[in-house]
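Here the protein sequences come in this chain order: A and B. Be aware that the first sequence starts at 1, since it is given in UniProt numbering, and climbs by one per residue. Be aware that the second sequence starts at 1, since it is given in UniProt numbering, and climbs by one per residue. Notes follow once the structure below has been shown.
Protein chains: 2
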Amino acid sequence: MVSIKKIATDIGVSAATVSNALTGKGRVSEEMTARIRSRAQELGYRPNNLARALKTGQTGILGLVMPDLTNPLFPRIAQMLSIAAERRGLGILIGDSRGSADEQNEVLKRLVDRGVDGLLVVPQKGTSPEMNAVPLAIINTASDPRNTVSADHAGGGALIARHISDIGHRNVVILGGDPVSEVQQDRISGMQSAMRQEIRSSVLWGDAGVAEVAERVRAGATAVLTTSDLLALRVHSELTRAQFSVPRRVSLTGFDNMSLASVMHPTLTTVAQDVEAIADRAIEILTAMIRGQAHPDTGRTLPMRLVVRNSTSNPEI
Amino acid sequence: MVSIKKIATDIGVSAATVSNALTGKGRVSEEMTARIRSRAQELGYRPNNLARALKTGQTGILGLVMPDLTNPLFPRIAQMLSIAAERRGLGILIGDSRGSADEQNEVLKRLVDRGVDGLLVVPQKGTSPEMNAVPLAIINTASDPRNTVSADHAGGGALIARHISDIGHRNVVILGGDPVSEVQQDRISGMQSAMRQEIRSSVLWGDAGVAEVAERVRAGATAVLTTSDLLALRVHSELTRAQFSVPRRVSLTGFDNMSLASVMHPTLTTVAQDVEAIADRAIEILTAMIRGQAHPDTGRTLPMRLVVRNSTSNPEI
DNA sequence: CGAAGTTGATTAATCGTTAAATCAAGTGGG
DNA sequence: CCCACTTGATTTAACGATTAATCAACTTCG
Chain A
1 MVSIKKIATD IGVSAATVSN ALTGKGRVSE EMTARIRSRA QELGYRPNNL
51 ARALKTGQTG ILGLVMPDLT NPLFPRIAQM LSIAAERRGL GILIGDSRGS
101 ADEQNEVLKR LVDRGVDGLL VVPQKGTSPE MNAVPLAIIN TASDPRNTVS
151 ADHAGGGALI ARHISDIGHR NVVILGGDPV SEVQQDRISG MQSAMRQEIR
201 SSVLWGDAGV AEVAERVRAG ATAVLTTSDL LALRVHSELT RAQFSVPRRV
251 SLTGFDNMSL ASVMHPTLTT VAQDVEAIAD RAIEILTAMI RGQAHPDTGR
301 TLPMRLVVRN STSNPEI
Chain B
1 MVSIKKIATD IGVSAATVSN ALTGKGRVSE EMTARIRSRA QELGYRPNNL
51 ARALKTGQTG ILGLVMPDLT NPLFPRIAQM LSIAAERRGL GILIGDSRGS
101 ADEQNEVLKR LVDRGVDGLL VVPQKGTSPE MNAVPLAIIN TASDPRNTVS
151 ADHAGGGALI ARHISDIGHR NVVILGGDPV SEVQQDRISG MQSAMRQEIR
201 SSVLWGDAGV AEVAERVRAG ATAVLTTSDL LALRVHSELT RAQFSVPRRV
251 SLTGFDNMSL ASVMHPTLTT VAQDVEAIAD RAIEILTAMI RGQAHPDTGR
301 TLPMRLVVRN STSNPEI
């Protein structure tokens, strides 16, 4: 490996001068800078980030902790984060917080031990990660607004509910996956708050809820609003089994606009998060915190977008 | 931050002794080791991995490069790799090789610059990553057997084809996503080689292929074998639109056993990769290479498993 | 009892880079 | 012509660990 010292002795100058020339920091003459730069180029010099990090205390690496990569939305977030980080010359070290909240904190510690400058966390449902060794940005939970970047889940719920309400439904079922998830709670309360007074709605949860949906439709519900596309797909199976046609007999909506939403039959009405914007803002806010600055967008949620497809229509009378 | 030196002066011993006591390397008395260990514990000492890495030349970090996280199988691989790595005390730095093969090589370089000890690569379709600075393990492409860990895609194709053939189909359509992908080619050639002589089969590709499937069924095909679950879902939409019932009129199979396979309607017959085993072996082989050893399993593929669900049945006659 | 070996610790160098302090030489001004 | 200032480079120390070499103090044994 070719080091700064090699270049130095090579040109006959001190290591400090080489460092200064390459980083443009100290005082080096134009001419010397040029000579050093070109020699570095020739030798194929690549700075040793470990040594640099040891000295400066900054690794240029962010830790990313996700609860469960099987949720298809998270990989998209991870990818966008990775792109946003790379654009700023930062790397991303991943940690998996499967299992308990304790495990989550363990992973955070491990990442800090590895020298990350900051942490990006999509928290386990219902947990609030703590770490004071380095700055920390939380993604996608609206609960803690200090350092959180999140889609406006409640707003998204409202969009869906207004759509359903606008096209004439008056008796709807809301289905959530897990009441522990604050995200899902936000989505549901958004739905509820946006529905006009005259609409009858009730909330079901989890596997039991999925099993009960057909019953509710039989009892008069004309629309099923779920908190995830995957849940919607499962409901669709149940409805098909029970011989209820979507959207003719019952309208169905998802959440998150995953790839399957445009590919299932019928295609699914849902709301989309602007994942790219979330990732970008998360990195922006975190790097600002690392620099010790406050970021103006901290705590503001990002709007969601209604995507109307073929799984919703007027209720038949 | 509490360093080794702090502990040293604290106890009144040299830094080297502390290092030896903590790592268990040099010669330190039982008693002194105990004292040092407990003091380190008290102070909450955490070794600085950067400093250690600088000296030893090993960071304990592996680079992971994936082509496209939107493919839902990759996140599962990433997660399993992350778990397998963590179990061995290793970290994973991610890089996204979206775009060209050039980009892929850029990412590899960046990771090496950051000091990774080795690289795990799921290559872009049709590319073969090169990097001689550090050991490199390739995942899921059978093309280059030296340092490759892969499911037995051809074997998986054979499993599916044999199943279809066993239950009586004699006229099948094979549908691939992209002929550039060697994985998909392997799957398809596996299907073809396992089908009995008397079976008529033809291969379609991509969007045009999806559009043509219904036509082929109308012309007498009774089964559609695809190279991915997502593709199968799209085909299912087309078939439904064309009023062909699955599996009554036509059987349909996917590949990879993604979560949607068990949740769509009808549930999808497919083949599963043992992702955990692949991840584990990949890490195992890579760490062996890093230690400079050869691993006995290098180049052997891992068997796939047939998962029969409701999308396949006897052809109606 | 002296040579050789063992034990438990210390010293000093090093990994590659950065940064503050220092220094030599040239420049300009009064 | 001398003092103050600027420029361009060097020295030196440090970041936090590891490791080879060294050393003092005991053991052991012929």
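Glycine residues also receive a C-beta, built at the ideal position from the N, C-alpha and C atoms. In this text, all values refer to a predicted model and were calculated from it rather than measured experimentally.
Taking each of A219/B, M258/B and S97/B in turn and checking the Cα distance to V122/B, the smallest one comes out for S97/B. Annotation for D96/A: the continuous beta strand (DSSP E) segment containing it runs G91 to D96. Counting of Cβ neighbours within 10 angstroms places P129/A among the buried residues, the total reaching 16 or more. Closer than 8 Å to the CB of G118/B there is not a single CB belonging to chain A. Here M66/A carries a strand assignment [DSSP, helix/strand/coil]. Chain A has a Cβ within less than 8 Å of the Cβ of H265/B. By the C-beta density criterion, T23/B is exposed, having fewer than 16 other C-beta atoms within 10 angstroms. Below 8 Å, too few C-beta pairs join the segment 215-223 of chain A and the segment 176-185 of chain A to call them touching: fewer than three. Measuring C-alpha to C-alpha distances from A85/B to each of T33/B, L119/B, P303/B and E42/B identifies L119/B as the nearest. Residue pairing of A137/A in beta bridges, as defined by DSSP: L120/A. Buried is the label assigned to N140/B, since at least 16 other Cβ atoms lie within 10 Å of its Cβ. For the segment 233-264 of chain B, the residues whose beta carbon sits under 8 Å from a beta carbon of chain A are, in order, L233, R234, H236, S237, T240, R241, S259, L260, V263 and M264. Three or more beta-carbon pairs separated by less than 8 Å link the segment 294-310 of chain B to the segment 270-277 of chain B, which places the two stretches in contact. L302/A is bridged by DSSP to A151/A. The C-alpha of T56/A lies about 23 Å from the C-alpha of I94/B.
At a cut-off of 8 Å, the C-beta of P72/A has a neighbouring C-beta in chain B.
Excluding five sequence positions before and after T17/A, the CB atoms of its chain that fall closer than 8 Å to its own CB belong to A8, G26, V28, M32 and I36, given in chain order.
With contacts defined as CB atoms closer than 8 Å, V210/A and K125/A fail to qualify as a contacting pair. Secondary-structure assignment with DSSP links V172/B through a beta bridge to S201/B and A223/B.
In this structure the segment 281-295 of chain B does not touch the segment 248-265 of chain B; the number of beta carbon pairs closer than 8 Å is below three. By the beta-carbon neighbour count (other beta carbons within 10 angstroms, threshold 16), P72/A is buried. Every alpha helix (DSSP H) stretch that sits fully inside the segment 10-48 of chain A and reaches 4 residues is listed by chain position as 15-23 and 30-43. Put simply, the CB of S14/A is far from chain B, with every gap to its CB atoms at 8 Å or more.
In this structure, R88/B places its C-beta atom within 8 Å of the C-beta atom of I283/B. Rounded to the nearest whole angstrom, the C-alpha separation of M80/B and L159/B is 25 Å. Within chain A, no residue has its beta carbon less than 8 Å from that of D274/B; the closest one is some 16 Å off.
For L268/B, the number of other beta carbons within 10 angstroms of its own is at least 16, and it is reported as buried. By the CB criterion at 8 Å, A161/A and A194/A fall inside the cutoff. In the DSSP assignment, V271/B forms a beta bridge with L306/B.
If you look at S251/A, you'll find it in the beta strand (DSSP E) that goes S251 to T253.
Pairing T227/A with G177/A gives a Cβ-Cβ distance under 8 Å.
Contacts between I290/B and chain A, judged by CB atoms closer than 9 Å, are missing: the closest CB pair is about 16 Å apart. At the C-beta level, A154/A and S189/A come within 8 Å of one another. Only R46, P47, N48, N49, L50, A51, A53 and L54 from the UniProt domain "HTH lacI-type" (2-56) of chain B bring a Cβ to less than 8 Å from some Cβ of chain A.
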